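Here is the structure we will look at.
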Amino acid sequence: MAVVTLGRVLVVDDDEVIRQLIAVNLQLEGFEVLTAVDGQDCLDRVRDIAPDVITLDVMMPRLDGWVTAVKLRDDPLTRGIKVVMITARAQEHDIRRGHEIGVDAYVTKPFDPAELIRTVRELAGAGPVV
Numbered sequence: 009m010a011v012v013t014l015g016r017v018l019v020v021d022d023d024e025v026i027r028q029l030i031a032v033n034l035q036l037e038g039f040e041v042l043t044a045v046d047g048q049d050c051l052d053r054v055r056d057i058a059p060d061v062i063t064l065d066v067m068m069p070r071l072d073g074w075v076t077a078v079k080l081r082d083d084p085l086t087r088g089i090k091v092v093m094i095t096a097r098a099q100e101h102d103i104r105r106g107h108e109i110g111v112d113a114y115v116t117k118p119f120d121p122a123e124l125i126r127t128v129r130e131l132a133g134a135g136p137v138v
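Position one of the sequence shown corresponds to residue 9 (the numbering used here), numbered consecutively onward.
So this is what it looks like as structure tokens:
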């Protein structure tokens, strides 16, 4: 019998604690979750993973979330993946930059796990939390 999930999420964050916090919350909700340690790791694996949603930290080594989001949007094979930026950078110009790049949602740290779950569910087309 196949396990039905709400969708596949790629969690991208260089902080292992935050990465695991997000992953566990989404797994408990019913998502299949895979992780990446930074933007380059995300880009190296995203085509094989084929996520419905990517949660993407902004401040990361090697390749930050801004550049990663631009590269995801520039690639015809990944441009349709929903992207949630998760960051402590909550200034209006940062939020505006995210929207200009084409990210689908912007969640600021510290975040409420319930808010993140609602956002990911909506973007994955899984419907509201019951």
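All residues carry an ideal CB built from backbone N, CA and C; glycine is no exception. Since the model is a prediction, treat every value here as computed from it, not as a measurement.
Of the other Cβ atoms in all chains shown, 16 or more fall within 10 Å of the Cβ of Glu37; this residue is therefore buried. In the three-state DSSP reduction, Leu18 falls in the strand class (E or B).
At the C-beta level, Arg27 and Thr43 come within 7 Å of one another. With respect to Val17, Val66 sits apart: the two C-beta atoms are not nearer than 7 Å. A check of alpha carbon separations from Val20 across Leu14, Thr13 and Pro59 identifies Pro59 as the nearest. Bounds of the beta strand (DSSP E) holding Val41 are Glu40 to Ala44.
Membership of Val111 in any alpha helix (DSSP H) is not indicated, and neither H nor E is assigned to it by DSSP. Annotation for Ile94: the continuous beta strand (DSSP E) segment containing it runs Lys90 to Thr95.
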